[in-house]
Each structure stands twice: as structure tokens, then as C-alpha cells.
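Asks: Following this message is one structure expressed as C-alpha cells.
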Amino acid sequence: MILNETRVFTHRYALLDNSRSPQAHQTWFTKRTHQEFSQSQQFKTTFAKWEISRYTPQVLQNAYDFSRAYNLVGGISNAGSGETIVIIDAFGSPTIKQDVEVFDQAFGLPPIHLNIYCPQGCPAFNPISLNEVGWSFDTTLDVEYSHAMAPGATIDLVVASTNFGNAINNAMRFALNNHG
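Residue numbers (the working numbering): 396 to 575.
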């Protein structure tokens with residue numbers, strides 16, 4: 396038996412209705428052919444023959460009513476201007492700059508102000524390591540959506556050399572000593 400649609404509930408919470416009770420978000424995994432996907436007009440992330448529908452920056456901006464905040468600062472491009480967002484992730488992503496550029500073009504965002512710091516040395520990416528691949532996806536998601544919500548902010552990505560031992564603690568110490 397082949398399932399054509401599977402509903403997956405994630406454990407992300409949002410206060411979409413200004414209440415204090417969190418709501419689980421739903422993600423749909425739908426099996427599609429390559430031809431169907433290539434003709435799709437919607438921006439999606441793919442994994443093999445499955446697509447993952449995700450929230451666009453505009454959906455999140457509307458869900459959290461960022462439009463009022465954007466109006467106060469003179470538009471979305473100024474949101475976060477003069478501020479720095481520090482993100483700490485292990486391994487980083489070898490394609491982060493290109494990924495964000497494509498993301499910005501797809502969603503009409505201004506170019507990112509991104510600095511990458513590797514206080515323990517930038518790790519060589521191993522595409523065979525599922526651990527490193529997973530962290531690279533997480534890094535990309537963290538950077539893209541921080542930029543999407545505050546496009547005018549500078550984003551400092553502090554890359555820990557690994558997720559073992561004290562590497563992340565050391566990266567955090569670097570961030571605190573240099574940003575706070």
C-alpha cells in the first residue's frame with residue numbers, strides 16, 4: 396500500500412491568535428513525480444521524491460503581524476537596521492551565502508549582511524556525515540529566517556567546529572565576548 400498524503404504534526408508552537416495557548420503546526424508530505432514538481436509554482440524544499448511544504452517569510456510575517464512593526468521603521472528593508480542577530484551552530488553550511496542569495500531572490504528580500512566567524516577554525520564539511528548535513532540544514536534555516544524577519548539586521552553566524560565536547564560552549568563564549 397502506498398500513501399499519497401501523510402500529515403505530520405511538528406512540535407513547533409506559535410501564538411497565531413494572540414492567545415497564550417500554543418498550537419501545533421501541520422506539515423504536509425506529499426509524494427509527487429519529478430514532472431509535477433518541476434512545474435510547481437510554489438517554492439518548496441525537496442528530499443528525494445517527497446516535498447515539504449513550508450512557511451514562507453511572508454506567512455510568518457503575517458502570522459506574527461510584523462507589518463505594523465515594519466511600518467514603524469519605514470518598511471521591511473529597515474527592520475532590524477542597526478541591530479545584530481548572533482546565531483551559533485555547529486559545522487555551519489558550506490553553501491550558506493549562495494543559499495541565502497537564492498532565498499532572498501525567491502522571496503523578494505534585500506541582500507543579507509552576513510558575517511561568519513569560526514573561532515576554533517572553520518570545519519571541513521563532510522557531505523557523507525548525516526550529523527553535519529543535518530546541522531547545515533539547520534544553519535541555513537536559522538540564517539534565512541532570521542534574515543527574513545529582520546532584513547536590515549546584520550547576522551553574525553558563529554560556527555562551532557563540532558557539536559561534541561565544549562565546541563558549542565566555546566563558540567557561545569566567543570559570541571558573548573565579542574557581541575555582548
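Note that the Cβ used here is the ideal one computed from N, Cα and C, for glycine as well. Please read all numbers here as calculations on a predicted model, not as lab measurements.
For I471, list the residues DSSP reports as bridge partners.
Replies: Residue mapping note: residue 471 aligns to position 76 of the sequence shown, counting from 1. None, per the DSSP bridge assignment.
Asks: Since I550 and H508 should fall inside the 8 Å C-beta cutoff, what is the C-beta to C-beta distance between them, to a whole number of angstroms?
Replies: As a working note, residue 550 is residue 155 in the sequence shown. As a working note, residue 508 is residue 113 in the sequence shown. Confirmed, Cβ separation roughly 7 Å.
Asks: Output needed for E527: all residues of its chain with C-beta closer than 7 Å, excluding positions within five of it in sequence on either side, in chain order.
Replies: For the purposes of this step, residue 527 is identified with residue 132 of the sequence shown, where counting begins at 1. Closer than 7 Å at the Cβ level, and outside the excluded window around E527, lie F486, F520, N521.
Asks: Under 8 Å: do the segment 534–546 and the segment 557–567 share three or more Cβ pairs, one atom per stretch?
Replies: These segments do not touch.
Asks: With contact counted as at least three CB pairs below 8 Å, one residue from each stretch, are the segment 525–539 and the segment 465–478 in contact?
Replies: No, because fewer than three Cβ pairs between the segment 525–539 and the segment 465–478 fall closer than 8 Å, the two stretches do not touch.
Asks: Considering just the uninterrupted stretch of the alpha helix (DSSP H) at A458, what are its terminal residues?
Replies: For the purposes of this step, residue 458 is taken as residue 63 along the sequence shown, with counting starting at 1. 452–458 is the extent of the alpha helix (DSSP H) around A458.
Asks: My output table needs one value for N561: the three-state DSSP class, helix, strand or coil.
Replies: Counting from 1 along the sequence shown, the entry for residue 561 is found at position 166. Here N561 sits in coil by DSSP.
Asks: Answer yes or no: do V468 and S462 have a C-beta to C-beta separation smaller than 8 Å?
Replies: In the sequence shown, counting from the first residue as 1, residue 468 sits at position 73. In the sequence shown, counting from the first residue as 1, residue 462 sits at position 67. Their beta carbons are not under 8 Å apart, which means V468 does not touch S462 by this criterion.
Asks: How is the beta strand (DSSP E) around A485 delimited, first residue to last?
Replies: On the sequence shown, position 90 is the one that residue 485 refers to. Here the beta strand (DSSP E) through A485 covers 479–485.
Asks: My guess is that F502 and T451 are in contact by the Cβ rule of under 8 Å, so how many angstroms apart are they, rounded?
Replies: Reading the sequence shown from its first residue, position 107 is the one you call residue 502. Reading the sequence shown from its first residue, position 56 is the one you call residue 451. Between T451 and F502 the Cβ distance is about 6 Å, and since that is below 8 Å, they are a contact.
Asks: Which term fits H542, buried or exposed, when burial requires 16 or more other beta carbons within 10 angstroms of its beta carbon?
Replies: Here residue 542 is taken as the residue at index 147 of the sequence shown, counted from 1. By the 10 Å Cβ count, H542 comes out buried.
Asks: Considering only C-alpha positions, which residue in the set Y512, N457, C517 is nearest to A570?
Replies: For the purposes of this step, residue 570 is identified with residue 175 of the sequence shown, where counting begins at 1. Of the listed residues, the one whose Cα sits closest to A570 is Y512.
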